[in-house]
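For the sequence shown, position 5 matches number 5 in our numbering, and the numbering has no gaps at all. The beta carbon of each residue, even a glycine, is placed where N, CA and C say it ideally should be.
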Amino acid sequence: MTTTATVLLVFGRGVVAGDDGYRLTAESVARTEAAVAYVRAHAEAFRRTPGARVVFTGGWPHGLLGAAEFTAQRPLGLVSHPWHLPRVRLLAARVLGLSGPALADVPVTAPDPVPVRRERAARAFSRIGFLGVRTPEASLRRERALTRAADRIGRLTPRR
Numbered sequence: 001m002t003t004t005a006t007v008l009l010v011f012g013r014g015v016v017a018g019d020d021g022y023r024l025t026a027e028s029v030a031r032t033e034a035a036v037a038y039v040r041a042h043a044e045a046f047r048r049t050p051g052a053r054v055v056f057t058g059g060w061p062h063g064l065l066g067a068a069e070f071t072a073q074r075p076l077g078l079v080s081h082p083w084h085l086p087r088v089r090l091l092a093a094r095v096l097g098l099s100g101p102a103l104a105d106v107p108v109t110a111p112d113p114v115p116v117r118r119e120r121a122a123r124a125f126s127r128i129g130f131l132g133v134r135t136p137e138a139s140l141r142r143e144r145a146l147t148r149a150a151d152r153i154g155r156l157t158p159r160r
């Protein structure tokens, strides 16, 4: 029997600016729907657990995960597309110091347009990019720098 994660961390940048304001990307909508479906499927556990919550990745630096101790009995749920989960687990290990059964995968079932080959490259880039990082603050700085670099590279490479 798997333990229900009652604190979910939803990964991904998923807001885009448009002429009429900001909107969620299709991938972000899929992650949000997966989180909602998980909460609905485990509604009783979420109701009875103090501190149960859903946090989007922008919220963890602001303490929105709370002072919760995540363990195999009370794991942190990671909401992402299945092929992103290995990289998300790496980031959770680096930033939050969590690994193994202290993390529960909550995979998104909707399609993701990111090619698998590109995700493998991002995973390798993340492993190399986070070498030597020891604190959450340093991880956040490095993650922001890596994201900026990836965005620049993405603008230079043609979309297919």
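For residue 9, does the three-state DSSP call read helix, strand or coil? Reading the sequence shown from its first residue, position 9 is the one you call residue 9. If DSSP states are grouped into helix, strand and coil, residue 9 belongs with the strands.
Return yes when the Cβ of residue 70 is within less than 8 Å of the Cβ of residue 90, no when it is not. By one-based count along the sequence shown, residue 90 stands at place 90. By one-based count along the sequence shown, residue 70 stands at place 70. No, they are not a contact pair.
Tell me the DSSP bridge mates of residue 79? By one-based count along the sequence shown, residue 79 stands at place 79. Residue 79 pairs with 10, 106.
Do the stretch 29 to 38 and the stretch 9 to 16 touch if we need at least three Cβ pairs shorter than 8 Å? Contact between the stretch 29 to 38 and the stretch 9 to 16 is established, with three or more Cβ pairs separated by less than 8 Å.
Counting pairs of beta carbons, one from the stretch 124 to 143 and one from the stretch 39 to 54, are three or more of them closer than 8 Å? Touching, no, given that fewer than three Cβ pairs across the two stretches are closer than 8 Å.
Secondary structure of residue 142, DSSP reduced to three states: Start at 1 with the first residue of the sequence shown, and residue 142 comes out as number 142. Helix.
Rank 50, 21, 81, 24 by C-alpha distance to the C-alpha of residue 5 and give the top, closest one. For the purposes of this step, residue 5 is identified with residue 5 of the sequence shown, where counting begins at 1. For residue 5, the closest of 50, 21, 81, 24 by C-alpha to C-alpha distance is 50.
How would you write the range of the alpha helix (DSSP H) that residue 24 sits in, first residue to last? The sequence position of residue 24 within the sequence shown is 24, counting from 1. Element bounds for residue 24: not the alpha helix (DSSP H) but the beta strand (DSSP E), 21 to 24.
Own chain, CB closer than 7 Å to residue 75, minus 5 neighbours either side, in chain order: As a working mapping, residue 75 is identified with position 75 in the sequence shown. Excluding positions up to five away in sequence, the list reads 3, 5, 101, 102, 103, 104.
Buried versus exposed, by CB contacts within 10 Å (16 or more), residue 94: Translated into positions along the sequence shown, residue 94 becomes position 94. The residue in question, residue 94, is buried, as its Cβ has 16 or more Cβ neighbours within 10 Å.
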